[in-house]
């Protein structure tokens, strides 16, 4: 990985490579994985919050550092904060990555449309049924 690339763990609609492509971002090496110790919450947008005995699924992707900065400077996600995480990939391979999360104090409202779109995407990606149930119940 070059010094201008970053491994990012996406867990919301940015798991959809076509959404990233529409923003001019070309991720590489997309791999399904999970982070332990975080639970998914959905307000107006999704976030992961620290939660013991929880597991959040998503997609690990390599993107350019400047693309990550531009992506999270957009108004709708500007409050998200980069946090280091350890992502577990198939065959129990663990990778250090960055995950952008909305602080709990900024999680407001509900968004059933977002949750439904996320559920469809997570299902298409083949995330576990137990996790799909969490998405259904997250609103």
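In the numbering used here, the protein residues as written are -17 to 121. Don't be surprised by glycine CBs; every beta carbon is placed ideally from N, CA and C.
Express the C-alpha separation of residue 66 and residue 51 in angstroms, rounding to a whole number.
-> 15 Å
Where are the alpha helix (DSSP H) runs, 4 residues long or more, that stay fully inside the segment 24 to 109, in chain order?
-> 47 to 53 and 94 to 107
Within-8 Å CB hit, residue 8 to chain D = Going by chain labels, chain D is absent from the structure shown, which holds only one protein chain.
Using alpha carbons as the reference points, say which of 84, 17 and 41 lies closest to residue 57.
-> 84
If we call anything under 8 Å between Cβ atoms a contact, is residue 15 one with residue 53?
-> no
For residue 108, I'd like the list of residues in its chain whose CB is within less than 8 Å of its CB, leaving aside the five on either flank, ordered along the chain.
-> 14
With 16 other CB atoms within 10 Å as the buried threshold, where does residue 75 fall?
-> exposed
Collapsed DSSP secondary structure at residue -7 in the structure displayed | coil
Report yes or no: do the segment -2 to 7 and the segment 85 to 92 share at least 3 C-beta pairs separated by less than 8 Å?
-> no
Buried or exposed: where does residue 11 fall if 16 or more other Cβ atoms within 10 Å of its Cβ makes it buried?
-> exposed
Which residues bound the alpha helix (DSSP H) around residue 1?
-> -1 to 4
By a C-beta neighbour count over all protein chains shown, 10 Å radius and 16 as the cutoff for buried, is residue 49 buried or exposed?
-> buried
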